[in-house]
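As C-alpha cells, the structure follows; a few thoughts come after it.
Protein chains: 2
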Amino acid sequence: MNTSDDLPSPVPALFPARGARERVDDLLTRELANANERIARGSVMPRLDMARFRQELAGFDFERPQSVEQLLAWSVAQLEHGAVHMTHPRYFGLFNPAPVAPSQWADRIVSAFNPQLASSGSSPAPVEIEAHVIRAIARRAGLPADAAGHFTASGSEANYTSLICALTRAEPRFSAEGVRAFSGPVALYTSRECHPAWSKIAHQAGVGRSALRLVATDGNGRMDSHALAGVVARDREQGVVPVLIAATAGTTGGGMIDPLASCAAVARSQGVWYHVDAAWGGAALASERLRGLLAGIELADSLTIDAHKWFATTMGCGMFVLRDAAVLSEAFRVATDFMPSNASSLDPYLTTVQWSRRFLGLRLFLSLAAAGWIGYGAHVERAVEVIAQVKSRLQARGWQAINDSSLAVLCVVPPAETGEIREIVRNLLSSGRAWVARSTFEGREVIRICATHGETTLADVDELVSALHTAG
Amino acid sequence: MNTSDDLPSPVPALFPARGARERVDDLLTRELANANERIARGSVMPRLDMARFRQELAGFDFERPQSVEQLLAWSVAQLEHGAVHMTHPRYFGLFNPAPVAPSQWADRIVSAFNPQLASSGSSPAPVEIEAHVIRAIARRAGLPADAAGHFTASGSEANYTSLICALTRAEPRFSAEGVRAFSGPVALYTSRECHPAWSKIAHQAGVGRSALRLVATDGNGRMDSHALAGVVARDREQGVVPVLIAATAGTTGGGMIDPLASCAAVARSQGVWYHVDAAWGGAALASERLRGLLAGIELADSLTIDAHKWFATTMGCGMFVLRDAAVLSEAFRVATDFMPSNASSLDPYLTTVQWSRRFLGLRLFLSLAAAGWIGYGAHVERAVEVIAQVKSRLQARGWQAINDSSLAVLCVVPPAETGEIREIVRNLLSSGRAWVARSTFEGREVIRICATHGETTLADVDELVSALHTAG
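Residue numbers (this note's numbering), protein chains in the order written: chain H, 1 to 472; chain G, 473 to 944.
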C-alpha cells in the first residue's frame with residue numbers, strides 16, 4: 001500500500017480505542033450509580049446557580065477539543081443539580097418515571113449497534129421485535145389478533161397519528177387534496193380534561209384549533225358521553241364533518257378514565273374513528289386486578305400507550321396501536337428508489353410519521369420479558385397503593401380528596417385553616433423534600449400527587465405528608 | 473412503622489439492587505465491545521435465520537419473568553446477526569452512521585437521569601444545553617445571533633416543522649381554521665431529487681400530496697432555480713398560494729447541493745418561507761475547507777440538520793434551526809394548568825411538535841465539545857477523501873461516475889461488459905463484503921456509495937472495489 005496515499009487517522013475524540021472506551025464506560029457505571037444514590041438523599045428540585053451555569057455554558061465555543069472525561073463529569077454534575085429529579089423517590093409528579101433498569105440496558109445496546117428502524121430490509125430482527133411487542137400490547141387490550149401499530153417518539157405523535165388515520169379514512173381524497181377535500185369543516189372530540197397537546201395536534205394537521213371540541217365532563221373528570229353525542233349530532237346538522245372521538249384512559253390532571261364503552265358507542269353510531277389515549281393509564285392492562293377499569297378499550301380503532309410513562313422505560317417510547325393497519329399504508333406511503341425495503345407492511349418508513357428512527361421497542365421488550373405481565377402488574381398495583389396511603393394519611397389530617405381515581409393520581413385540597421395551594425406548592429418545592437404539581441381538576445385548583453417511582457417507600461409517603469403539612 | 477401496613481417490595485426485575493446493576497453494566501461494556509469487533513470482521517449483511525428467529529420471538533409471551541442476563545445476551549445476538557451493520561466499516565450506505573463514542577456516553581447519562589425535556593421548569597440545565605448547541609449550529613451556518621430552534625426526533629420532523637411554520641406565518645387564520653383559511657390550494661416546492669418524505673409531510677399537514685411540486689433539476693441533481701421561479705409564478709397566476717420552498721443541501725440520492733442562493737432569491741422575491749434541508753450535508757459546516765460549498769445557507773428561514781447523520785450521533789437526533797423563533801410560539805402554543813413552566817420562549821412543549829421528550833441534545837453537545845469544530849471538520853473531510861479514493865479506483869477499472877458531488881456520495885455505473893446494476897448489488901450484498909445501495913440519479917439507475925463510518929480504511933476501500941468488481 002502506498003502510504004503517501006493513505007487516509008488521515010480517524011478522529012480519536014470521536015472514535016477512541018477500545019481500552020479508552022471501556023475505561024470511560026466503567027467510570028460511568030460507577031458515577032451514575034453514585035449520582036443516583038446521592039439524588040435519593042438530596043433535594044428533588046434543581047439547586048443549580050443558573051447565572052453561573054449560563055456563564056460556564058457560554059464558554060463552550062467548540063473552538064478546540066476538550067477532555068471527554070472532564071466533559072462527562074461536568075454533564076453528570078449539571079444533570080445532578082440542574083433538573084427536577086424523575087429518579088427521586090419523592091417525585092410525586094407528572095407521568096415521568098424513574099426508568100427501569102432493563103430499559104436503560106436496552107438503550108445501551110441500541111446506542112452501540114445504532115440500527116436504522118426505517119425498514120425491515122435494514123433491520124429485520126429489530127422491526128420484528130417491535131411488531132411482536134405491539135401485538136402483545138394489542139392483545140392485552142383485547143384488540144383482534146391482526147391489530148398492529150408501531151413505536152413513536154412520544155404520546156403526542158401517537159395521538160397525532162390517530163388524527164391522520166381518521167382523516168385519511170374519512171375522505172379518500174384527503175391524501176391528495178388535504179383538508180379542502182372535505183365537504184365542510186372537520187371536527188374532533190375529546191373532553192375538557194384531555195391532554196392539551198390535542199390543540200397543537202389540530203393545528204399541525206391543518207384542520208385548525210377550532211376543529212377541537214372539548215366536551216363537557218361529568219363532574220368527576222370523565223367525558224360525558226351524552227354531551228358527546230349531542231355535540232357530534234349538532235355539528236353534523238351544521239355541515240361539520242366529525243372525524244375523530246378521542247377518549248382518555250387516565251387523564252393527566254386527575255387520572256380519570258372516560259366511559260370507554262359509551263364513547264365507543266357514540267363513535268360507532270356516528271361512523272367516526274374512535275381513539276383511546278391511554279398514554280399513561282394503559283399500563284394498568286398489566287394488572288389482573290386493575291385491567292377491568294379499562295373495559296371498553298377493546299372497542300377502540302386505535303390506542304396511544306406510552307412505554308415511557310407507567311411502563312417506566314426511558315423517554316421517549318410511545319406506542320400507536322390500531323385495529324385495521326391498512327390505513328397506515330395509505331396515510332404514510334411513499335415511493336423511493338434507494339430504500340432497502342421488502343415493501344412489507346412492517347416497514348416503518350411506509351407506515352408511520354417517522355423515517356430514520358431509533359430502535360425504541362427493545363426497551364419495553366426487555367423490560368416486559370424480564371418482569372413479565374405479572375411484574376408490571378405488581379409495579380402498577382404498588383403505585384396505586386402508594387397513592388392510597390398518601391390519601392388516607394392526608395385525609396386523617398383533614399385534607400380533602402377531590403378526584404376519585406382508581407389509578408395512581410390524587411388531587412387534594414388542604415384543610416380550610418391551611419395556606420393557599422399556590423403557596424403550599426411553592427413552599428414544598430423550595431424545601432426540596434418532594435415534588436407535586438399545582439393543577440386544576442374540574443375547574444377547581446388542586447394539589448396533584450402521582451406515584452411515578454417504583455421504589456417509593458412508606459417513609460417517603462410520610463415525608464411527603466409531613467412536608468405538605470409543613471408547607472401550609 | 474406498622475409493617476402489616478407496609479408496601480410490597482419494588483419489582484426486582486425492574487429495580488435491581490446496585491450490585492446486580494453494576495454487574496450487568498460491566499458485562500455489557502465488554503460484550504458490546506466484543507460484538508463491535510466481531511462485526512467489523514464479519515458480514516455487513518444480516519445472517520439471521522428469520523424462520524427460526526420468528527419462532528423464538530413468538531415464544532416470548534411475557535407470561536413469566538425471565539433472566540435478564542439471558543435476555544440481554546439474546547438481544548445482543550439478534551442485533552449482531554439480524555440487521556445491516558451501520559457500525560461496519562464497509563457499510564457504504566444510506567446516511568446511517570457508526571455512532572461516535574461521546575454520543576453513546578451521552579445516551580447512557582440521559583438514560584440514567586431521564587430528564588423531561590418538555591419544559592425549562594423541569595429541566596433548566598438540559599434545556600439550556602440544547603439551546604446552546606442549536607445557537608452554535610445556527611451561528612456556524614451564518615444565521616443571525618438571535619436565531620433559535622430545537623432538537624427533533626428526526627429530520628422528517630424538522631422538515632415537517634418548517635411546513636407548519638410556513639403555513640402559520642403565511643396565513644394568520646391557519647392556526648384556528650386550518651388549511652381552509654387560505655384563499656386557494658397551497659403549494660410547497662422542492663426538487664425531483666428531494667427526500668421522498670416530503671410527500672408524507674404534505675399529507676400529514678393537511679395540505680395534500682398534490683400540493684408538493686417536484687421542480688426539475690439541472691441534469692446534475694440540483695434544483696433548477698429558473699424552473700422553480702417559473703413554477704411558483706404559474707401557480708400564483710392560477711390562484712394557488714405558494715408557502716414553502718425547500719432546497720436540499722446534500723441530496724440522499726447523489727449528495728448534491730441545490731443552488732442555495734438562487735433558490736433563496738426566488739423565495740424572497742415571492743415572499744415564501746425558505747427552508748434548507750441539510751439533514752446530512754449540514755455537517756460540512758464543520759470543515760473550513762468544505763463549508764463554502766453551503767454558501768447561501770445563511771439566507772434560509774429555517775434549516776434541518778440531523779446530528780444522527782454526518783455528525784454521527786446515535787439515532788434519532790434531528791435539529792430544526794430558524795431565523796425568527798417567534799413563529800414557533802404561534803404554531804405550537806398551548807395553555808395548561810399543570811406544567812412546571814416559566815412559559816419562557818425556551819420551553820420545548822410550547823415551541824415544538826413534541827411534548828414529553830428525551831434529552832437529545834447532550835449527544836451533540838458532548839461530541840462537539842470533545843472533538844471541537846476542528847475534529848468534526850476532519851471527520852467530514854476524511855469521508856470525502858474516502859469517496860475520492862473509491863472513485864479513482866473504480867474509474868481506473870472503467871467504471872463511470874454519474875454524479876459530481878463535492879461531498880461523500882458517489883453514484884457509479886459499471887463498465888459496459890460488467891453485469892447489470894441490480895445483479896451487481898444483489899451479488900455484493902449476498903457476499904456480505906460491503907453494503908451499497910441501488911438507486912437512481914437524474915432518472916438513471918446507479919450504484920450509490922456513501923462514506924458513513926469514521927474508521928473506514930484504505931483496505932476497506934480496496935475490499936469494496938474488489939467486491940464490486942467480483943459481483944459484476
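Quick reminder that beta carbons are idealized off the backbone N, C-alpha and C, glycines included.
Review point. Just to confirm, are Thr452 of chain H and Asn586 of chain G a CB contact at a threshold of 8 Å?
Key: no
### Task
May I ask you to verify whether the segment 1-21 of chain H touches the segment 849-858 of chain G, counting CB pairs closer than 8 Å and requiring at least 3?
yes
Rounded C-alpha distance that separates Gly955 of chain G from Glu770 of chain G: The requested residue 955 of chain G does not occur in the structure, where chain G is confined to residues 473 to 944.
What first and last residue would you give for the alpha helix (DSSP H) that runs through Gly377 of chain H?
-> 362-396
Beta carbon of Tyr746 of chain G, beta carbon of Ala756 of chain G: below 8 Å? no
Proximal chain G residues relative to Asp146 of chain H, where beta-carbon distance stays under 8 Å: None at all; the shortest Cβ gap to chain G is about 15 Å.
Exercise. When DSSP builds the beta bridges, which residues end up paired with Glu445 of chain H?
Worked result: H:Thr440
Margin query: Between Phe532 of chain G and chain H, is the shortest Cβ-Cβ distance under 8 Å, so that the two count as touching?
Written below: yes
_Rounded C-alpha distance that separates Asp146 of chain H from Arg763 of chain G_ = 50 Å
Taking Arg580 of chain G as the reference, which of H:Asp25, H:Gln66, H:Ala166, H:Ile129 has the closest Cα? H:Asp25
- Taking Trp953 of chain G as the query, report the chain H residues whose CB atoms sit under 8 Å from its CB, ordered along the chain. Because chain G in this structure spans residues 473 to 944, residue 953 of chain G falls outside the shown range and cannot be described.
- Leu48 of chain H versus His85 of chain H: straight-line alpha-carbon distance, rounded: 13 Å
Would DSSP call Ala20 of chain H helix, strand or coil? helix
| request: Mind listing the chain G neighbours of Asn36 of chain H? Cutoff is C-beta to C-beta under 7 Å, in chain order. | output: Ala584
| message | Would Thr29 of chain H pass as an interface residue toward chain G - the criterion being a Cβ-Cβ separation below 8 Å? | response | yes
Original post:
Are the C-beta atoms of Leu900 of chain G and some chain H residue less than 8 Å apart?
Top reply: no
**Message:** Looking at chain G, is there any beta carbon in it that lies within less than 8 Å of the beta carbon of Trp280 of chain H?
**Reply:** no
Margin query: What does the alpha-carbon distance come out to for the pair Gly42 of chain H and Gly432 of chain H?
Written below: 8 Å
What distance in whole Å lies between the Cβ atoms of Pro99 of chain H and Thr304 of chain H, which are believed to be in contact at a cut-off of 8 Å? Actually they do not touch by this definition, with Cβ atoms about 19 Å apart.
Measure from the C-beta of Val485 of chain H to each C-beta in chain G and report whether the shortest distance is under 8 Å.
-> It is not possible to answer for residue 485 of chain H, since the shown part of chain H is limited to 1 through 472.
* Pairing CB atoms from the segment 145-161 of chain H with CB atoms from the segment 213-225 of chain H, are three or more of them under 8 Å? -> no
So that I know if they touch, is there some Cβ in chain G lying closer than 8 Å to that of Leu368 of chain H?
yes
Point to revise | Assigned secondary structure, His667 of chain G (DSSP; H/G/I helix, E/B strand, else coil) | key: coil
query: Buried or exposed: which applies to Asn34 of chain H, given that a residue is buried once 16 or more other Cβ atoms fall within 10 Å of its Cβ?
result: exposed
inquiry  = Using only the alpha-carbon positions, how far apart do Trp355 of chain H and Ser466 of chain H sit?
reply    = 49 Å
Exercise for review: Would you mind working out which of G:Gln527, G:Ile511, G:Arg502, G:Phe534 sits nearest Asn377 of chain H, comparing C-alpha positions?
Suggested key: In the sequence as presented, Asn is not what sits at residue 377 of chain H; that position holds Gly. If we check each option's Cα against that of Gly377 of chain H, G:Phe534 comes out closest.
Would Leu765 of chain G and Ser663 of chain G be called neighbours here (beta carbons separated by less than 8 Å)? no
Check: Shortest alpha-carbon distance to Leu458 of chain H belongs to which of H:Arg357, H:Ile387, H:Thr470?
Finding: H:Ile387
Interface partners of Asp521 of chain G on chain H, CB under 9 Å:
None at all; the shortest Cβ gap to chain H is about 11 Å.
**Study point:** Near-chain H residues of the segment 909-931 of chain G - C-beta to any C-beta below 7 Å
**Key:** Ala909, Ser911, Thr912, Arg920, Gly926, Glu927, Thr929, Leu930
- Task: Would you kindly check if the distance between the Cβ of Val412 of chain H and the Cβ of Ile447 of chain H is under 8 Å?
- Result: yes
*asked:* Between G:Glu503, G:Arg493, G:Glu494, which has its C-alpha nearest Arg482 of chain H's C-alpha?
replied: This structure leaves residue 482 of chain H out entirely; chain H is present only between 1 and 472.
Rounded to whole angstroms, what is the Cα-Cα separation between Pro657 of chain G and Ala408 of chain H?
48 Å
Beta carbon proximity, Arg397 of chain H to chain G, threshold 8 Å:
no
Helix, strand or coil for Thr3 of chain H per DSSP?
-> Low confidence applies to Thr3 of chain H: its pLDDT is 45, below 50, so where it sits in the model is not reliable enough to give any reading.
**Prompt:** For Thr29 of chain H, which three-state DSSP category applies?
**Reply:** helix
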